Amino acid sequence: MKIQKRAPRASYRLRPWGTFLLLFCCVLLIHPTIAQKNILQQILKQHAADWDTLLQQPEKYQVQIVYTQIDRDAQNRPTFKTFTHGVDTNRYFYPASTIKMPTALLALEKINSLSIRDLDKYSPMITGAGRYPQRPVVEDTSAENGMPSVAHYIRKVFLVSDNDAHNRLYEFLGQAQLNQQLYEKGYRSSRILHRLSVSGFDAEGNRHTNPVSFNGLNKLLYHQGEVYSQWAAKLNLRQQVRGKGYENSEGNIVNEPFDFRERNFISILDLHRILTAVMLPEGVAPHERFHLTEDDYRFVWQCMSELPRESRYPKYPAPNYWDSYVKFLLFGDSKEPMPNNIRIFNKVGVAYGFLTDIAYVVDFDNKVEFLLSATIHVNENQIYNDGVYEYETIGHPFLAKLGRAIHAYEKNRPRKYAPDLSKYQR
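The opening position of the sequence shown corresponds to residue 13 in our numbering, with each subsequent residue numbered one higher.
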């Protein structure tokens, strides 16, 4: 074996400033963001009186925030700078209804991928029942034509976070396809394993999804039989078993920790990236995007930003529904009408004391746009499923104040080019 000799080491001496520069460069290699100030942390400090109590107890409230600044060039192309607080992709939190966002987008993508003539998101969608406790759907009286469809379910998902609407899209996709598509797009800190707020389904039951048919004018366009599929996500998550107890289906308190190991999960970073991909697809890598048509994008943007009072089908009358019913950032602490110059394209989640909002905020008057995602855990008694959470007293005020603080900063942030936001206007 031939041993190669090491080249002789050069002999030199660093001057004091050279030593400092070398050490600083080494630090930058380890922490590439150290040279850039975390603007989010500065904003949080400036408004410390609003939330210091929460942020100083990270294990109790488990606040996670992702804030992205958007800058445009002369051609209106976006670039991003992202800042975070408390983000930990390996710590479990229950995403609740935020998982409806990727489910809705993938349902649209599946319709497009089938490439069947006359089949689109508006085609009547009939859901059957293959086994107990599956339930069929053959009509929808809240739709203009009285029929369910992928488009109508998506409207319900974003306008008021309807659980049954999500479940029907979940059944159309199937557990494995839904998760595999997210995985292939690079959203790998996720698992969507079950329907929402419907009784009778255990882990095995959620792997079985209903037969689905789409009808055209006096003809069957597509039929998908009952599907069995399974997804086993390889996630290393902490705090999946938590709390002092939980309320069972009989209404009794069980004094044991609550088990989330077979519950849905998606990290706040993945949710933030998915929202970026649907709102600003030109700014993300092609493999991260959803395969949507231009009409799909306009449709989704309308659904995500439309207020309950603006909807005709379905109708969501006051006082049961108000402008900020599912708009927690900026306006979650008020039931007053939202200003016309601000549109929020978002998806919220509320369950088990976890309160989350994933939002793209546009202020047309001030030429402002930004992405902001945040989650907080408010469960003082540490009992799950008892309905006793501090949403109104802690959660909603926190998210509203956070959104207003970021918006105030963005209004004064200098931009070389003002963004053209006209495509987001209705």
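Note that CB positions come from ideal geometry on N, CA and C, so glycine has one too.
Since we're looking at a predicted model, the values are computed, not measured.
Problem set entry | Distance between Ala363 and Gln68 (C-alpha atoms, nearest Å) | Cα to Cα, the separation comes out at about 23 Å.
For this session: Can you tell me which of the three DSSP states Val381 falls into?
Result: Looking at the sequence shown, residue 381 is not Val but Glu. Three-state DSSP puts Glu381 in a strand.
Exercise. Three-state secondary structure (DSSP) at Thr101?
Worked result: Coil at Thr101, not helix or strand.
Problem set entry | Alpha carbon of Leu411 to alpha carbon of Phe272, nearest angstrom | Distance between Leu411 and Phe272, taken at the CA atoms: about 24 Å.
Exercise. Thinking C-beta only, is Leu131 closer than 9 Å to Tyr240?
Worked result: Using a Cβ distance threshold of 9 Å, Tyr240 and Leu131 do not count as a contacting pair.
For this session: Might you give, ordered along the chain, the residues of its own chain that have their beta carbon closer than 8 Å to the beta carbon of Phe270, omitting 5 neighbours on each side?
Result: Cβ neighbours of Phe270 beyond the five flanking positions: Val253, Arg254, Gly255, Gly257, Tyr258, Tyr364, Tyr396, Asn397.
Exercise. Which residue or residues does DSSP assign as beta-bridge partners of Ser225?
Worked result: Answer by DSSP bridge pairing, in chain order: Ile138, His235.
Problem set entry | Proximity to Phe92 [Cα-Cα], best of Asp62, Tyr401, Arg285 | Cα-wise, what sits closest to Phe92 is Arg285.
For this session: Kindly provide the ranges of any alpha helix (DSSP H) runs that are 4 or more residues long and lie completely inside the stretch 231-319, ordered along the chain.
Result: Complete alpha helix (DSSP H) runs here, min 4: 280-291, 306-317.
Problem set entry | Cut-off 7 Å between Cβ atoms - residues of its own chain near Gln437, not counting five sequence neighbours on either side | Phe376.
For this session: Look up Leu414 in the DSSP assignment and say whether it is helix, strand or coil.
Result: Leu414 falls in the helix class under three-state DSSP.
Problem set entry | Buried versus exposed, by CB contacts within 10 Å (16 or more), Tyr421 | Taking a 10 Å sphere around the C-beta of Tyr421, we find 16 or more other C-beta atoms and assign the residue as buried.
Exercise. How big is the Cα-Cα spacing for Val338 and Gly361?
Worked result: If you draw a straight line from the Cα of Val338 to the Cα of Gly361, it comes to about 9 Å.
For this session: Give the DSSP bridge partners of Asp375, in chain order.
Result: DSSP lists Ile354, Val380 as partners of Asp375.
Exercise. What three-state label does DSSP hand Gln81 in the structure shown?
Worked result: The answer is strand: DSSP assigns Gln81 an E or B state.
Exercise. What do you get for Leu349, buried or exposed, if any count of 16 or more other CB atoms within 10 angstroms of its CB means buried?
Worked result: It is worth fixing the name first, because residue 349 is Pro in this sequence and not Leu. It counts as exposed.
Exercise. Nearest to Leu171 by CA position, among Ala417, Glu392, Asn191, Trp313, is which residue?
Worked result: It is Trp313 whose Cα lies nearest to the Cα of Leu171.
Exercise. Gln193 by DSSP, collapsed to three states: which one?
Worked result: Secondary structure of Gln193 (DSSP, three-state): helix.
For this session: Could you tell me whether the stretch 140-157 touches the stretch 189-203, using the rule of 3 or more Cβ pairs below 8 Å?
Result: No, the stretch 140-157 is not in contact with the stretch 189-203.
Exercise. Candidates Arg84, Pro90, Trp243, Trp63: which alpha carbon is nearest Ala478's?
Worked result: Outside the displayed span of the chain (13 to 438) sits residue 478, for which this structure offers no information.
Exercise. Is there contact here, the stretch 380-389 with the stretch 303-310, by at least three beta-carbon pairs under 8 Å?
Worked result: Short answer: they don't touch.
For this session: Answer yes if the stretch 154-172 comes into contact with the stretch 131-146, meaning at least three C-beta pairs across the two stretches below 8 Å, and no otherwise.
Result: Contact between the stretch 131-146 and the stretch 154-172 is present, because at least three Cβ pairs lie under 8 Å.
Exercise. Which of helix, strand or coil does DSSP assign to Leu367?
Worked result: In the structure shown, Leu367 sits in a strand (DSSP, three-state: E or B).
Problem set entry | Same chain only: Cβ atoms within 6 Å of Val333, ignoring 5 sequence neighbours per side | It should be pointed out that residue 333 corresponds to Tyr in this sequence rather than to Val. Within the same chain, and ignoring the five residues on either side of Tyr333 in sequence, the residues whose Cβ sits closer than 6 Å to its Cβ are Pro320.
Problem set entry | DSSP-derived helix/strand/coil call for Phe343 | Coil, per DSSP.
For this session: Since I believe Asn88 is in contact with Asp345 (beta carbons under 8 Å), could you give me their beta-carbon distance rounded to a whole number of angstroms?
Result: Between Asp345 and Asn88, the beta carbon gap of about 34 Å keeps them out of contact (Cβ cut-off 8 Å).
Exercise. To the nearest whole angstrom, what separates the beta carbons of Leu194 and Tyr182, a pair I think is in contact under 8 Å?
Worked result: Not really, about 13 Å apart at Cβ, beyond 8 Å.
Exercise. How would you call Asp64, buried or exposed, if buried means at least 16 neighbouring beta carbons within 10 angstroms?
Worked result: Note on Asp64: under 16 other CB atoms within 10 angstroms of its CB, so exposed under the neighbour-count rule.
Problem set entry | Phe343 to Phe357 span [Cα, whole Å] | Cα to Cα, Phe343 sits roughly 13 Å from Phe357.
For this session: Under 8 Å by Cβ, that's how I've got Glu404 and Glu392 pegged, so tell me the actual separation to the nearest angstrom.
Result: About 13 Å separates the two Cβ atoms, so there is no contact after all.
Problem set entry | Reduced DSSP category for Ser202 - H, G, I as helix; E, B as strand; rest coil | Here Ser202 sits in strand by DSSP.
For this session: Take the Cβ of Val323 as the centre, count every other Cβ of all protein chains shown within 10 Å, and call the residue buried at 16 or more, exposed below.
Result: This sequence places Ser at residue 323; Val is not what is there. So Ser323 ends up on the buried side.
Exercise. Which whole-angstrom value describes the C-beta separation of Leu414 and Leu341, a residue pair presumed to lie in contact below a C-beta threshold of 8 Å?
Worked result: Right, their Cβ atoms sit about 7 Å apart.
For this session: Would you grab the beta carbon distance between Ala417 and Ile77 for me? Rounded to a whole angstrom, and I think it's under 8 Å.
Result: Contact doesn't hold; Cβ gap of about 11 Å is too wide.
Exercise. Per DSSP, Pro90 is paired with what?
Worked result: DSSP lists Arg84 as the beta-bridge partner residues of Pro90.
Problem set entry | Proximity of Glu238 and Thr221 at Cβ, strictly below 9 Å | Their beta carbons are under 9 Å apart, which means Glu238 touches Thr221 by this criterion.
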